[in-house]
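Here the structure comes first, spelled out in structure tokens, and everything after it is commentary.
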Amino acid sequence: MKNSVLIVLLASLSLNVQAGQLGIKHRLHGEGKPHQRQNFSESATRTLANGEQITRETVQTTSENGFNRHSTLTNSAGQTATQDLTVVNDPSTGTHTRTKTGTTFKGKSYRHQRQVTVDKENQTATSTVNNTHINGQTTGHTSTHQWNTVTPPLAE
């Protein structure tokens, strides 16, 4: 009995190691290749726990330096909410900008923007966040981080 339990345990450990190794191989296969976003268009309808149905229409278009995604949601009462997401990458300045705007079903607007600039020469990354909430209140902050000068930063 003890031998069969030991065999099952060792077989299980062996399978876990093999599965982990496959994961590593899979991750390494795409190393050095940036993820390429695709253009797409999709529609979906979801039924909520209360029985209400929400329909979502989404269109994404890509560009050389980022992408735009527009979504419109329509509820059972015919009200619409929107969300637009724009991402722009500028390799020449090391800047990544992500801007999300939209409206709620009640017509309230919001905006969220995050801009990150990487300065490889000074080994810093500066992140600036600005928000406009649905109540009109604006908030924001900026932070700068310096990475360890002994250990190189992660590859791009």
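Read in order, the letters of the sequence shown correspond to residues 14 to 169 in our numbering. Built from N, CA and C at the ideal position, the CB exists for glycine as well.
query                                                                                   : result
Cα-Cα separation between residue 97 and residue 157, rounded to whole angstroms         : 27 Å
Spatial distance of residue 121 from residue 149 (CA atoms)                             : 9 Å
Three-way DSSP call (helix, strand, coil) for residue 146 in this model                 : coil
Inter-residue spacing [alpha-carbon to alpha-carbon] between residue 111 and residue 64 : 34 Å
Residue range of the beta strand (DSSP E) that includes residue 74                      : 66 to 76
Pairwise C-alpha distance: residue 143 and residue 100                                  : 15 Å
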